[in-house]
Amino acid sequence: LGSDCLYLLDEVHLARPFAQSLAAVGSYREWAEEHLDAAPMFVVSMSATPDSAQAQSTFGLTPDDRDPDVTPELVRRLSAAKPTTTKKVSLPADREGADARFAAACAKEAVHLVKANNHVRTVAIVVNRVDTARRVVTELDGNGQTTILLTGRMRDLDRQALLEHHLEKIASGRTRAATDEVLYVAATQCVEAGADFDFDAVVSECAPLDSLRQRMGRLDRLGHLSRAGTPAQAAVLVRSSDLGTKAVDPVYGQALKNTWAWLDRAGDLDFGIDRLDVPAEKQLEPLLAPRLDAPVMLPAHLDLLAQTRPGPAVEPDVALFLHGDRPVETDVNVVWRADLTRNLLDAAWQDATAAARVFDIVTACPPAPVESLSVPIGAVRAWLTRVPAGATYDVEGQPPSEEARGRGTHQGRSILRWRGDDSTIVAPGEINPGDTIVVPSEDGGIRRHSWDPTADEDVSDIGDIAQAVQRSRASLRLHPALWTGCPIPPPRPPSEGMDPVDPTSVIRDWLAGVSNWAAGSELGRVVDHLDASLRRGRRAATVQQLPRADAPGESYWVVQARRPLPTASEDGPFDPDTSSFTAVQVELSEHLDGVGRWAEAFARRCGLADDVVVDLELAGRLHDLGKADPRFQLLLHGGDPVRAAISGDLIAKSAIPAQDRRAREVAAQSSRYPRGGRHELTSLALIDGVAEIRAQANDWDLVRHLVASHHGWCRPFAPIAPDPEPVEVGVTWAGTGLQACSAHGMERIDSGVADRFWSLTRRYGWHGLAWLETILRLADHRRSEEEAAHG
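Here my numbering is used: the first residue of the sequence shown is 35, the next is one more, and so on.
Here it is as structure tokens:
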């Protein structure tokens, strides 16, 4: 993201370290500008409170912008009144009692604003900690109020569903209608940026002044209430414990206490944009959230960060360049599965058979980002080991908790660390920052759509919906635990001793029966697509049968359409280990030509020079030649030597779906293709010394590197994969016969792979080389999607 990028860095005052790091990246681009002059990088910083350095190149509102005859809507927003009261809440010494009392005080103030102002029908209660927000909801629920909980610790799909249901009551620009119903929204810092909400009243926990202004920006956002003569209402509450002489907030430092002192001196408060008398810069600085600086970015840092696969033994902490020079706690992504059980997962820790069953279950519906919940690593470790955790905040760069340091402990519940075919069963202490972990739904951990480590109710499994939304993949797991709300239970495979059935026919009949029930939802779209696929014939969909973890001797079906859903969506993670298994068989020559065309189109539309465009197209037409290895062909044919023998052409994609791990394992064992072997290195060996191909390239080193790195390896080293039974690989390309041994030695330190990486990094820049690789990789992804969609 250092090439061909426009950054719109919103609320830059909250992200100064990131802005500084972007500036450093921009300055280093000059090293390679002559090679990539068509791929600029620009940064636009946006802030209501720019610092003195940013103010030197700032544009803002002009006098005409404040003319009510020219911009009446803008003037209405700027002049809206937002009268605000303040209140100190006296709290007991114990943390539990203090949290409960403060949450009760916030809820009481919100109810008071409603009773005192007939026009107030939507109230936001914005607090600094997730557990405080949960307590506010509990307090309001106990009084019979309609409440929702909105935090940054939510799954994307849950957040979307929650907001869609309530958006007409809180969205900016809505038409306010007279109603007796009041909606309370308990929220955290997640509403400070990127949330286009409009509340009638706001109750906020005290925070630095810039944070309070952001929260009040969601109050009468368009100035409608003020224009009607019924101004919005606000209140700021502070904990007495935050005002002690030694009190230092773990996130906001002294700024929270300083802001309260300023609010206390200000007298009549009004947080309207043009009505708040903001102090001058020197007096303002102590009232703002701590603004850290990023460490100086050196070429040595970028040399280390550019080594991505395999990574170096020592890596710079990326978080410091994003959040500043203080230790921060990194998140872990948690995914829940209803077809897993705690008993099976715990047994899988030391039982290879149980572990294989876990892998089969999760691979049938691989985790997707939109269904994951990001939680600080310390909170996850505490939850899995059943110990109380510290407070969870909704700000970037949360300070590390004691639990975050709990590496190495093997106590607590086991989990699956998802890394595709390299997934493992691990203990809580073995979780690493940034990991995606999978747990059974029965473990709990979510209440009211938000992270709650005390929740013990089953968590909904939204994996099938995530496949559709993020990967345009129509697949359903017909496990009873996933269909508890469906009026027609999913069909079950016959148990041992029962007469066999045709799963295609049975599943098709069931899909037709639930179509009306699921209509109008994302699930309904999947049901209809699968129904249509099965009606086209057995080859249009795959059906996999898996043993149930919760019922010994019973199993369930997993059905997937071979073609993707008709509307393409966000590009999901592309697994290099399973990308050859797309459920649609494709000839190698067609795939190579298609990727070459996509790469040429992308490169030309990016404005690259003609010589680079030619090299990218050439790399696309060469990248998968290594799949000509006869063992790889046997692998793609499911390990069936007869099918491989009668196949008239080399193939690039297998009819086996990626989710069928068992079928892939059987094929791998039958083919005897080396475990961990990389076809892209064989591609490199096939073209390495061929003068006819080299003559077509402008930068032969770049072409060879793009071929070798198109699955992410060779940055800088090729992986080691012993080949005890090497074979000769031969293929004809554009009339030229190519020959190489599968024991090619590209993993050797003197093979030239690493040297090429470094010379190209110096030639095109750290970010420029990665950008060129990305163009080829995305061309490969798009061509693969095209093949899956059209057969």
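Ideal Cβ placement from N, Cα and C applies to all residues, glycine included.
Give me the DSSP bridge partner(s) of residue 651. Paired residues: none, contrary to the question.
Do residue 184 and residue 218 have their beta-carbon atoms positioned less than 8 Å apart in this structure? no
How would you label residue 692, buried or exposed, when you count the other beta carbons within 10 angstroms and need 16 or more for buried? buried
Quick check: the Cα distance between residue 240 and residue 92, rounded to an integer number of angstroms? 30 Å
In or out: residue 317 buried (at least 16 other Cβ within 10 Å) or exposed? Residue 317 should be labelled exposed.
As assigned by DSSP and simplified to three states, the class of residue 140: helix
Would you kindly work out how many angstroms separate the C-alpha atoms of residue 47 and residue 168, rounded to a whole number? 28 Å
Which residues in the same chain have their Cβ closer than 6 Å to the Cβ of residue 739, if we skip the five residues on either side of it in sequence? 790 and 794
Simplified DSSP state of residue 56, which is helix, strand or coil: helix
Reduced DSSP category for residue 41 - H, G, I as helix; E, B as strand; rest coil: Strand.
Euclidean distance between Cα positions of residue 703 and residue 511: 26 Å
Could you check if residue 202 is buried or exposed, using at least 16 other CB atoms within 10 Å of its CB as the buried criterion? exposed
Take the Cβ of residue 604 as the centre, count every other Cβ of all protein chains shown within 10 Å, and call the residue buried at 16 or more, exposed below. Confidence at residue 604 is low in this model, with a pLDDT of 43, below 50, so the placement of that residue should be treated as unreliable; the coordinate-derived value is given next. Residue 604 comes out exposed.
Given a cut-off of 8 Å, decide if residue 305 and residue 331 are closer than it, judged by their beta-carbon atoms. no
Return yes when the Cβ of residue 160 is within less than 8 Å of the Cβ of residue 249, no when it is not. Going by beta carbons, residue 249 and residue 160 fall inside the 8 Å limit.
Where residue 837 falls: helix, strand or coil (DSSP): Since the displayed the chain opens at 35 and closes at 825, residue 837 lies outside it and no answer follows.
Starting from the C-beta of residue 338, find all residues in its chain whose C-beta is less than 8 Å away, skip the five residues before and the five after it, and write them out in chain order. 346, 348, 349 and 350
Use the C-beta contact count for residue 618: other C-beta atoms within 10 angstroms, 16 or more gives buried, fewer gives exposed. It counts as buried.
So the alpha helix (DSSP H) residue 250 belongs to, where does it begin and stop? DSSP places residue 250 in the uninterrupted alpha helix (DSSP H) bounded by 243-250.
Could you tell me the boundaries of the beta strand (DSSP E) in which residue 595 lies? 589-595
Please list, in chain order, all residues of the same chain as residue 567 whose beta carbon is under 8 Å from its beta carbon, the five residues on each side excluded. For residue 567, where only same-chain residues beyond five positions count, the Cβ hits under 8 Å are 508, 574, 575, 595, 596 and 597.
Find out if the Cβ-Cβ distance for the pair residue 685, residue 667 is shorter than 8 Å. yes
Could you say if the segment 362-372 and the segment 467-485 meet the contact criterion of at least three C-beta pairs nearer than 8 Å? yes
Just to confirm before moving on: does the CB-CB distance between residue 620 and residue 819 stay below 8 Å? no
Whole-angstrom distance between residue 391 and residue 709, CA atom to CA atom: 20 Å
As assigned by DSSP and simplified to three states, the class of residue 602: Only weak support is given to the placement of residue 602: the predicted model assigns it a pLDDT of 47, under 50, and the value that follows is read from those uncertain coordinates. Correct three-state label for residue 602: coil.
With DSSP collapsed to three states, give me the class of residue 120. Residue state, collapsed to three classes: strand.
Judging by CA-CA distance, which residue of 677, 448, 116 and 682 is the nearest neighbour of residue 701? The option with the nearest alpha carbon to residue 701 is 677.
Taking Cβ positions, are residue 246 and residue 266 nearer each other than 8 Å? no
State the Cα-Cα distance for the pair residue 125 and residue 298, rounded to the nearest angstrom. 19 Å
Between residue 461 and residue 753, what straight-line distance do the alpha-carbon atoms span, to the nearest angstrom? 27 Å
If you measure between the beta carbons of residue 810 and residue 635, is that distance less than 8 Å? no
Less than 8 Å between the beta carbons of residue 661 and residue 713, yes or no? yes
Roughly how far, in whole angstroms, is the beta-carbon of residue 612 from the beta-carbon of residue 468, given that I think they are within contact range, below 8 Å? Not quite, the Cβ-Cβ distance comes to about 21 Å (not below 8 Å), so this is no contact.
By Cβ distance below 6 Å, which residues in the same chain neighbour residue 816 in space, the five residues on each side in sequence not counted? 632
Residue range of the alpha helix (DSSP H) that includes residue 798: 787-798
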